[in-house]
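Letter by letter, the sequence shown follows residues 1 to 172 of full-length UniProt numbering.
Virtual Cβ for every residue (Gly too), placed ideally from N, Cα, C.
Encoded as structure tokens, the structure appears first; notes follow it.
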Amino acid sequence: MFEITWDSFIRIVTVGVLAYIGLLIFLRTSGKRTLTKLNAFDLIVTVALGSTLATILLDSSISLWEGLTAFAVLITLQYLITFTAVRSKGFNQLIKSEPRLVFLEGEFLTQAMRKERIKDIEIMQAIRNSGEGDLKNIQAVILETDGSMSVISNKAGTALANVKEEVKKDPL
1 MFEITWDSFI RIVTVGVLAY IGLLIFLRTS GKRTLTKLNA FDLIVTVALG
51 STLATILLDS SISLWEGLTA FAVLITLQYL ITFTAVRSKG FNQLIKSEPR
101 LVFLEGEFLT QAMRKERIKD IEIMQAIRNS GEGDLKNIQA VILETDGSMS
151 VISNKAGTAL ANVKEEVKKD PL
């Protein structure tokens, strides 16, 4: 259970260094977008790359070339999905959620909050994290496509153009 042979140690170190270098080359070649946190697909690729690296390191039945091929497949799929999403509005809407307004001018938008499964305390936490201490100073809070919340403390303007808003406001 706590044993490691010299052969397995040398394999882990050698394959680990080479797989890491290969992954860096793939990521550098594929561009900055590959590891962003913009949507669920980006998260899936990031987790899958980490899982693949761990498998390459710890499973001696997986060769370095098989692991590098797995990296290439994941990164190519990510590239193709983002390439298509940028060029096709319909495909983009299919794979990405829209940002949603959850707080507007002092009122929690409970219908939107229910749909997104967000509680008022989570919105208040996001407001505190933004450095604001008073809800009166907040114009809007938006649940972004990556699950983060944006807090707008000045007059809400054109930045809200693509934000989905539930028109019904009601108290919690």
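Tell me whether residue i sits in a helix, a strand or coil according to DSSP, three-state version.
i, result
"F2", "coil"
"R100", "strand"
"K136", "helix"
"D146", "coil"
"G31", "coil"
"I62", "coil"
"V163", "coil"
By the 10 Å Cβ neighbour count, where 16 or more other Cβ atoms means buried, how is residue i classified, buried or exposed?
i, result
"T14", "exposed"
"R100", "buried"
"F103", "buried"
"L68", "buried"
"F71", "buried"
"T34", "buried"
"N39", "buried"
"G108", "Reading the sequence as shown, one finds Phe at residue 108 and not Gly. When all chains shown are included, F108 counts as buried."
"V167", "Confidence in V167 is poor, its pLDDT being 49 and thus under 50, which makes the residue's placement unreliable; the coordinate value appears in the next sentence. So V167 counts as exposed."
"V17", "exposed"
Based on the DSSP secondary-structure assignment, which residues constitute the bridge partners of residue i?
i, result
"V141", "F103 and V151"
"F108", "F103"
Note the first and the last residue of the continuous alpha helix (DSSP H) segment covering residue i.
i, result
"D120", "D120 to N129"
"K89", "K89 to I95"
"V47", "A40 to L58"
Can you round the beta-carbon distance between residue i and residue j to whole angstroms, since I take them to be within the 8 Å contact cut?
i, j, result
"I142", "S153", "Incorrect: roughly 12 Å between the Cβ atoms, too far for contact."
"L74", "T52", "7 Å"
Against chain B, with Cβ distances strictly below 7 Å, would residue i count as a contact?
i, result
"A112", "The structure shown contains no chain B; it is built from a single protein chain."
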